[in-house]
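> Below is a structure I'd like to ask you about.
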Amino acid sequence: MIKKYITLLFLAGCACAARAQTPAELRAMLPPVDGWTLSDKVEVFNRDNLFDRINGAADAFLICNFEEMTTLDYLKDGSKSYVTLQMYRHATPADAFAIYSAERTPDMTFLNIGAEGYRAAGIVYFLSGSMYVKLTTSDESAGTAAMMEKVARALAVKIDAKAALPGLLQVFPAKDKQPRSEVYIVESFMGHKFLHSAYRASYAKDGKEYQLFVIDGKTKAGAEKMLADYLKFAKQPENPTEGLLTVHDRFNGDIPMLWRGRYLFGLVNDSGAQVDAGALLAQVADAARD
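Residues -20 to -1, 1 to 270 (mature numbering (1 follows the signal peptide of the UniProt record, and there is no 0)) make up the sequence shown, in order.
What follows is the structure, given as structure tokens:
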């Protein structure tokens, strides 16, 4: 699984570069829709001025390596109604998943659009390749909702016909996992600047919640450096060896961890859920190796 995942990351990076669509290309991908006119006005925002469009929400996008956002409208013929598209391009598909997963909630109606999408009153959001796309409207009629889904499906395929969620999410055990609780934290995982590139899933057992995480160090040396920095913070010996250990994090409690190759696996269990930390971490690590 690890070698396969590395290959997928390489291919995804190549694909991402090939699909770094320009605003003009994105507009050209949008399908014609009967009864609607695609506006000629296209606005483009980058890292320097995204705040002008989405105000305080911009910080979260910038952390997730946002690069450019293209926005334009579909105008409903003979009406004041319109649908706005905001197409956010990030550096990698993982970065796009980071902001998408931070914003989604499990109570949405999920759609098989791109890697994943969902709808609610007046919105359709989806993830495809390195793009996070939002369609919004104040017109909550059934016809407009259907139109938004149609546009989203057509656009998602053109952005990346093989879009998928990050492969490393598959290592999290299904038992007791909370629906769509998986997230990707680009930086400052658990509040520590030296921990980054972390996938996390939430679990519940007997009413008590806990979390499993996988940190991708990119290389064995990268994982070792992060773990050594973590141990230094915890005032523990800074010469870790691969295998199980516990980090005494004064902010997050005792964190059972397992280092294997480029990955750090861990468990956050401040609720006191009755779980076998060593067995769980070994299960996740073995899934990453298969």
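Note that the Cβ used here is the ideal one computed from N, Cα and C, for glycine as well.
Take every Cβ of the region 238 to 258, pair it with every Cβ of the region 176 to 195, and state whether three or more of those distances are shorter than 8 Å.
Touching, per the Cβ criterion.
> Output the residue ranges of the beta strand (DSSP E) runs that lie fully inside the region 37 to 107 and measure 3 residues or longer, sorted by chain position.
Counting whole runs of 3 or more residues, the region 37 to 107 contains the beta strand (DSSP E) stretches 46 to 56, 62 to 70, 89 to 91 and 96 to 100.
> What alpha helix (DSSP H) runs, 4 residues minimum, are completely inside the region 170 to 256?
Correct list: 200 to 213.
> For residue 113 and residue 91, I'd like the C-alpha separation in whole angstroms.
One-based indexing of the sequence shown puts residue 113 at position 133. One-based indexing of the sequence shown puts residue 91 at position 111. So the two alpha carbons sit approximately 13 Å from each other.
> Can you list, in chain order, the residues of its chain whose CB lies under 7 Å from that of residue 207, leaving out five sequence neighbours each side?
Position 227 of the sequence shown, counted from the first residue, corresponds to residue 207. Answer for residue 207: 220, 239 and 244, listed in chain order.
> Taking C-beta to C-beta, are residue 88 and residue 74 nearer than 8 Å?
Here residue 88 refers to the residue found at position 108 when the sequence shown is read from its first residue. Here residue 74 refers to the residue found at position 94 when the sequence shown is read from its first residue. Contact flag unset, no.
> Considering only DSSP beta bridges, list what residue 157 is partnered with.
One-based indexing of the sequence shown puts residue 157 at position 177. BP columns for residue 157 point to 183.
> Just to confirm before moving on: does the CB-CB distance between residue 204 and residue 181 stay below 8 Å?
Mapped onto the sequence shown, residue 204 falls at position 224. Mapped onto the sequence shown, residue 181 falls at position 201. Cβ distance not < 8 Å, so residue 204 and residue 181 don't count as in contact.
> With a cut-off of 8 Å on the beta carbons, I'd call residue 115 and residue 132 a contact; round off their distance for me.
As a first step, residue 115 must be located in the sequence shown, where it is residue number 135. As a first step, residue 132 must be located in the sequence shown, where it is residue number 152. Between residue 132 and residue 115 the Cβ distance is about 6 Å, and since that is below 8 Å, they are a contact.
> From this set, 119, 83 and 84, which residue's C-alpha is nearest residue 55's C-alpha?
Counting from one through the sequence shown, the residue named residue 55 turns up at place 75. Out of 119, 83 and 84, 119 has the C-alpha closest to the C-alpha of residue 55.
> Helix, strand or coil for residue 26, going by three-state DSSP, please let me know.
Here residue 26 refers to the residue found at position 46 when the sequence shown is read from its first residue. It is a strand residue.
> Who are the near neighbours of residue 86 in its chain, counting only those whose CB is closer than 6 Å to its CB and skipping five residues on each side?
Locating residue 86 in the sequence shown gives position 106, where the first residue counts as 1. So the list reads 159 and 160, once near-sequence residues are dropped.
> Comparing C-alpha positions only, which one of 151, 111 and 34 sits nearest to residue 72?
By one-based count along the sequence shown, residue 72 stands at place 92. Looking at the Cα atoms, 111 is the closest of the given residues.
> Look up residue 115 in the DSSP assignment and give the residues it is bridged to.
Along the sequence shown, read from residue 1 onward, the residue named residue 115 stands at position 135. Residue 115 pairs with 65 and 104.
> Would you mind stating whether residue 18 and residue 6 have Cβ atoms separated by less than 8 Å?
Locating residue 18 in the sequence shown gives position 38, where the first residue counts as 1. Locating residue 6 in the sequence shown gives position 26, where the first residue counts as 1. Against a cut-off of 8 Å, the Cβ pair of residue 6 and residue 18 comes out as no contact.
> So residue 263 packs on residue 186, CB below 8 Å; how close in whole Å?
In the sequence shown, counting from the first residue as 1, residue 263 sits at position 283. In the sequence shown, counting from the first residue as 1, residue 186 sits at position 206. That pair is no contact at about 19 Å.
> Using the C-alpha atoms, what's the distance from residue 197 back to residue 36?
Locating residue 36 in the sequence shown gives position 56, counting from the first residue. Locating residue 197 in the sequence shown gives position 217, counting from the first residue. Computed Cα separation, rounded: 30 Å.
> Among the candidates 173, 135, 67 and 125, whose CA atom is the shortest distance from the CA of residue 93?
Mapped onto the sequence shown, residue 93 falls at position 113. Out of 173, 135, 67 and 125, 135 has the C-alpha closest to the C-alpha of residue 93.
> So, using beta-carbon positions, are residue 166 and residue 78 closer together than 8 Å?
Locating residue 166 in the sequence shown gives position 186, where the first residue counts as 1. Locating residue 78 in the sequence shown gives position 98, where the first residue counts as 1. Yes; because the gap between Cβ atoms is below 8 Å, this pair is in contact.
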